[in-house]
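In what follows, a single structure is set out as structure tokens and then discussed.
In the UniProt record's numbering, the protein residues as written are 1 to 120.
Quick look at the structure:
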């Protein structure tokens, strides 16, 4: 099991890919989280997760997506943007914050408010 926080999206993708490449029989589970003011997020890549339902004792299984499939979305595409914005505005906020960090090398902070209007 691995935990990551305070990383940019490129670092998180590398960590996630490393966990996935080294785990065949016993998957390395990854949990990432961060907080930006009053907004925070958590991401879990459990790869393939199995559990038993309590009442029926039937095995259930879920396959998790790699982080790069979740963050590599073209926000300039109107169709993708509308689909994400309507479905989950918090997810859209996560993507925007990550793209900002990727392009500016920092997270948006109130003390940089005057300069944020000039970011493209």
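Idealized CB from N, CA, C, for every residue including glycine.
Taking C-beta to C-beta, are residue i and residue j nearer than 8 Å?
| i | j | result |
| --- | --- | --- |
| residue 125 | residue 67 | An answer regarding residue 125 cannot be provided, because it is not within the stretch 1 to 120 covered by the chain. |
| residue 84 | residue 73 | yes |
| residue 122 | residue 92 | In the structure displayed, the chain extends from 1 to 120; residue 122 sits before or after that span and is not available. |
May I have the straight-line CA-CA distance separating residue i from residue j, to the nearest angstrom?
| i | j | result |
| --- | --- | --- |
| residue 61 | residue 2 | 21 Å |
| residue 101 | residue 41 | 15 Å |
| residue 50 | residue 59 | 7 Å |
| residue 24 | residue 114 | 49 Å |
| residue 56 | residue 48 | 21 Å |
| residue 44 | residue 111 | 31 Å |
Per the DSSP calculation, residue i is bridged to which residue(s)?
| i | result |
| --- | --- |
| residue 63 | 48 |
| residue 4 | 32 |
Using a Cβ-Cβ cutoff of less than 7 Å, which residues in the same chain neighbour residue i once the five nearest sequence positions on both sides are dropped?
| i | result |
| --- | --- |
| residue 81 | 75 |
| residue 12 | 4, 32, 67 |
By Cβ distance below 8 Å, which residues in the same chain neighbour residue i in space, the five residues on each side in sequence not counted?
| i | result |
| --- | --- |
| residue 36 | 97, 107, 108 |
| residue 95 | 71, 73, 75, 84 |
| residue 64 | 44, 45, 46, 47, 48, 49 |
Spatial neighbours of residue i within its chain, please: CB distance less than 6 Å, with the 5 preceding and 5 following residues excluded, ordered by chain position.
| i | result |
| --- | --- |
| residue 29 | 1, 46 |
| residue 14 | none |
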